[in-house]
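Worksheet for the structure shown next.
Residue numbers (UniProt numbering): 1 to 113.
In structure tokens form, the structure reads like this:
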């Protein structure tokens, strides 16, 4: 089984994605405290703006990468039978991929409205 993101590379991916996730949560949390959104139309307008839209799309991508590296490492450490390991990793990849596509579709659907 190939390990594309092992060792230092996986460690760096986890740290960089965690830093972006924390920064996004901090900045958007402060923004919403300063400028609360009270209606669905306000949420759509906020997400339709280029910067929040791009930041949110990047947040989703980094969250999925962060989750993949973490779950992949746990599976590789604790699931010894190769067939079970490959099956679990394929299932996780399918779920994360589907979730990511659905999330990005939702985020980018507000741009055209």
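Note that CB positions come from ideal geometry on N, CA and C, so glycine has one too.
- Closest in C-alpha terms to residue 96, from the list 54, 109, 32 and 70, comes 70.
- Taking C-alpha positions only, residue 77 is separated from residue 44 by approximately 42 Å.
- DSSP places residue 49 in the coil class of the three-state scheme, outside both helix and strand.
- Taking C-alpha positions only, residue 39 is separated from residue 46 by approximately 11 Å.
- Taking the C-beta atoms as reference points, residue 79 is found no nearer than 8 Å to residue 72.
- Taking C-beta separations shorter than 7 Å and ignoring five residues to either side along the sequence, the partners of residue 104 in its chain run 57 and 60, following chain order.
- Annotated three-state conformation of residue 15 is helix, per DSSP.
- Taking residue 100 as the centre and dropping the five residues before and after it, the same chain places the C-beta of 60, 61 and 64 closer than 8 Å to its C-beta, in chain order.
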